[in-house]
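Here's the structure, in structure tokens; my notes come after.
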């Protein structure tokens, strides 16, 4: 990601950037399912999640070679 190289959908899922993959023909149904799921989630939960994601993205540890995502960025297999 940091090199600007394209990331395949499968690789994005493997490193945790996406939760699931759907076929192009299933895309409208998948979007509708997610829309309904988000509609019942409270605004406070969504705000808290967004805050947590934003804060965690700014942590240097996330890109260290010891962290599973960082190990991938550094081209090393994740520990564990």
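Residue numbers (this note's numbering): 12 to 91. Ideal placement from N, C-alpha and C gives every residue a C-beta, glycine not left out.
What separation, rounded to the nearest whole angstrom, lies between the Cα atoms of residue i and residue j?
| i | j | result |
| --- | --- | --- |
| residue 41 | residue 68 | 26 Å |
| residue 31 | residue 14 | 24 Å |
| residue 37 | residue 61 | 27 Å |
| residue 57 | residue 66 | 14 Å |
| residue 23 | residue 16 | 12 Å |
| residue 19 | residue 47 | 27 Å |
| residue 39 | residue 51 | 19 Å |
What first and last residue would you give for the alpha helix (DSSP H) that runs through residue i?
| i | result |
| --- | --- |
| residue 45 | 38-50 |
| residue 22 | 20-25 |
| residue 66 | 54-68 |
Does DSSP classify residue i as helix, strand or coil?
| i | result |
| --- | --- |
| residue 82 | Low confidence applies to residue 82: its pLDDT is 49, below 50, so where it sits in the model is not reliable, and the reading given next is rough at best. Residue 82 falls in the helix class under three-state DSSP. |
Starting from the Cα of residue i, find the closest Cα among the options and give me that residue.
| i | options | result |
| --- | --- | --- |
| residue 33 | 51, 46, 21 | 21 |
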